[in-house]
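Some notes on the structure that comes next.
Residue numbers (mature numbering (1 follows the signal peptide of the UniProt record, and there is no 0)): -18 to -1, 1 to 463.
This is how it looks when you write it as structure tokens:
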């Protein structure tokens, strides 16, 4: 089976499984700048205010006239977005009596994996009771690295410049507050948020780690130093082995690698077979399904052109009921990437079960339709007459049969070439009478009779090669022309 067909079938399988996911986060950045969901009210359901369309807000700073190419996810819609790097997605609303013309969007599914949340910090005692420090160059990853090296599980950033470390027991007794209260930009990177005044933003230190082993059924792998840019000369690896699963799905939610020499490899964890490779030129655009229970991921970068990196959502699946083929060879046959398959954008709905049923119905119908086309094509090939009208006048229409090769010339009328049951014959209309002549320098025998009937005036040897039943059927068909 061609690799293109295998890839296409795997894409169909991946779509149906992906659409049946449990509810997943739609954001992989703390402030939801990457949110591309469909919420169009400031709160779920009917409690929130309706958002204005981005192409109808020209009196404000952000609109499709200023950003016509879909920058920041803006477009002819009214979905919540975060075009200015605020603390979370927001949208414009109709002005009320207080003169407010925008509001934050409360989006339950927009929660960055690895970000625990925004917490109140009174300072006595501190929310995270472990090591601490301050820096005028503080970023989220600077604090995470500081706490990770000291063996802590959590790191917290506060007031733009302070870093605190702690364990699970600290968070258990802390008071969580709204995410919008952690609104202070980091002193070391203005595009990131580092807590607030008396508010601490807490992260799991595994986020942005350069190595790790993942055995949970699902999780997220971030590029080294995420959400900061990955460093030059990075060499990182991660192993995925979700317990009790037969296959692993990878969904790239962020992929910002610009240097073609910076590459991410996906290998089978048992055989070390190269399954896929991505870099600044080859970018993943669809979820990938690998028929193995263990994957090894590695990322290398050179000293030039660093970028934010990637966020990969993985999920272990039980695929024992599906006959999946592994890709044989020495790595020359790679798992198809975006350039080999489709350009697709995936969105996850909260109503996954309904979508899952619809997906199976759609693919069952598609498969039935394709099968019907194949069956009909087969029977048409056996039974259908195909007519090709030739030029009028004294034109020569060549044909061949099992007997001598002949040419049949229709004089003064129109000639038709007919393919019937893999036998090609020639027919003249009522205005023309046939004329037969040998093809081989006069030595050949012009086969066939000199029929002058208006329907079948030039059939020659090819007609005689048909069985009596097929001759009768062909004459019946010709009589309708």
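Even for Gly, the Cβ is constructed at its ideal location relative to N, Cα and C. The model shown is predicted, which means the values in this text are computed figures rather than measured ones.
- Nearest C-alpha to residue 273 among 102, 236, 222, 181: 222.
- Taken in chain order, the whole beta strand (DSSP E) runs of length 3 or more contained in the region 32 to 74 are 72 to 74.
- Put simply, the region 67 to 79 does not touch the region 191 to 202. Fewer than three CB pairs are less than 8 Å apart.
- Here residue 208 is not near residue 246, since their CB atoms are 8 Å or more apart.
- About 20 Å separates the CB atoms of residue 169 and residue 109; that is not less than 8 Å, and the two are not in contact.
- Around the beta carbon of residue 103, 16 or more other beta carbons lie within 10 angstroms, which makes this residue buried.
- Contact annotation: the region 52 to 63 does not touch the region 121 to 135, with fewer than three C-beta pairs closer than 8 Å.
- Note on geometry: alpha-carbon atoms of residue 25 and residue 249 lie some 42 Å from one another.
- Here residue 7 carries a coil assignment [DSSP, helix/strand/coil].
- Using a C-beta cut-off of 8 Å, the region 226 to 245 makes contact with the region 281 to 294, since at least three inter-stretch Cβ pairs fall below that distance.
- Approximately 7 Å separates the beta-carbon atoms of residue 144 and residue 114; this is inside 8 Å, confirming the contact.
- By the neighbour-count criterion, in which a residue is buried when 16 or more other Cβ atoms sit within 10 angstroms of its Cβ, residue 294 is buried.
- The beta carbon of residue 128 is closer than 8 Å to those of 113, 115, 137, 145, 147 in its chain, skipping five residues each way along the sequence.
- Residues of the same chain with a CB within less than 6 Å of the CB of residue 197, apart from the 5 flanking positions on each side, are 223, 225 in chain order.
- C-alpha of residue 45 to C-alpha of residue 39: approximately 6 Å in a straight line.
- Residue 123: not part of any beta strand (DSSP E); member of the alpha helix (DSSP H) spanning 122 to 131, first to last residue.
- Taking 8 Å as the cut-off, the beta carbon of residue 99 is found closer than this to the beta carbon of residue 184.
- In summary, residue 55 is buried, with 16 or more beta-carbon neighbours lying within 10 Å of its beta-carbon over all protein chains present.
- A straight line joining the alpha-carbon of residue 299 with that of residue 172 spans about 39 Å.
- For residue 72, same chain residues with a beta-carbon under 7 Å away, outside a window of 5 residues either side, are 62, 64, 84, 85, 86, 87 in chain order.
- Within 10 angstroms of the beta-carbon of residue 151 lie fewer than 16 other beta-carbons, which makes it exposed.
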